[in-house]
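*Asks:* My structure is below; once you've seen it, I'll send some questions.
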Amino acid sequence: MRSKNPFKRYPRTAFAVLVFFCAAGAVFLYFHKPGEISWMPPCFFYEWTGFYCIGCGTGRMCYSLLHLDIVTAARCNILALIAVPLIGYTTLRYGIKIFTGCDKLPNPWYHPGFSRVLVFLLPAFWILRNIPIEPFIWLAPISI
59 MRSKNPFKRY
69 PRTAFAVLVF
79 FCAAGAVFLY
89 FHKPGEISWM
99 PPCFFYEWTG
109 FYCIGCGTGR
119 MCYSLLHLDI
129 VTAARCNILA
139 LIAVPLIGYT
149 TLRYGIKIFT
159 GCDKLPNPWY
169 HPGFSRVLVF
179 LLPAFWILRN
189 IPIEPFIWLA
199 PISI
């Protein structure tokens, strides 16, 4: 029986479509500042609780990063900024694997300590960015 998952049936096409939509999203974000787009929903967690979630500021971080403003990108969401190279490497690794068949690049996601670091880091970041005293206020996202 054939798989209905397009990533399994047509991995090259699915990867190309994924890259295309990511590039189109990046072009859109380059020309449209987050917060000025009326149809984009706000963070529901922040709206309901008044606390920042782990992802708050990620759109602003991507916008700043596309405009090569690394300092502002870090002030918007430092954790997402740190994740960008890891996500880029993983995407490159997967692309090389499906287009060449070569799977020699190491996979950081399967490192035994990686999940332990995430289990500690993500909740710690979430809690610390909501503490309204120095130095933790530097983790809260800024408006751009």
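Under this note's numbering, the first residue of the sequence shown carries the number 59, and numbering increases by one thereafter.
Built from N, CA and C at the ideal position, the CB exists for glycine as well.
Tell me, to the nearest whole angstrom, how far the beta carbon of residue 110 is from that of residue 188; I am working on the premise that it is less than 8 Å.
*Replies:* About 6 Å; that satisfies the 8 Å criterion.
*Asks:* Please give me, in chain order, every unbroken run of the alpha helix (DSSP H) with length at least 4 that falls completely inside the stretch 68-101.
*Replies:* Qualifying alpha helix (DSSP H) stretches, in chain order: 69-89.
*Asks:* Relative to the C-alpha of residue 130, which candidate in 167, 115, 182, 144 has its C-alpha closest?
*Replies:* Nearest of 167, 115, 182, 144 to residue 130, Cα basis: 115.
*Asks:* Measuring CB to CB, does residue 118 end up less than 7 Å from residue 92?
*Replies:* In contact: residue 118 and residue 92 (Cβ atoms closer than 7 Å).
*Asks:* Distance check for residue 150 and residue 72, CA to CA, integer angstroms please.
*Replies:* C-alpha separation (whole angstroms): 14 Å.
*Asks:* Identify whether residue 201 lies in helix, strand or coil by the three-state DSSP scheme.
*Replies:* Three-state DSSP puts residue 201 in coil, outside helix and strand.
*Asks:* Identify every run of the alpha helix (DSSP H) within the stretch 111-192, keeping only runs that are complete inside it and at least 4 residues long; order them along the chain.
*Replies:* The stretch 111-192 contains these whole alpha helix (DSSP H) runs: 116-124, 128-134, 136-158, 170-186.
*Asks:* Would you identify the three-state DSSP class for residue 109, choosing helix, strand or coil?
*Replies:* Looking at residue 109 - three-state DSSP - the assignment turns out to be coil, as it is neither helix nor strand.
*Asks:* Please confirm whether residue 156 and residue 69 have their CB atoms less than 7 Å apart.
*Replies:* Contact flag set, yes.
*Asks:* Determine the burial state of residue 134: buried for a count of at least 16 other Cβ atoms within 10 Å of its Cβ, exposed for fewer.
*Replies:* Burial call: buried.
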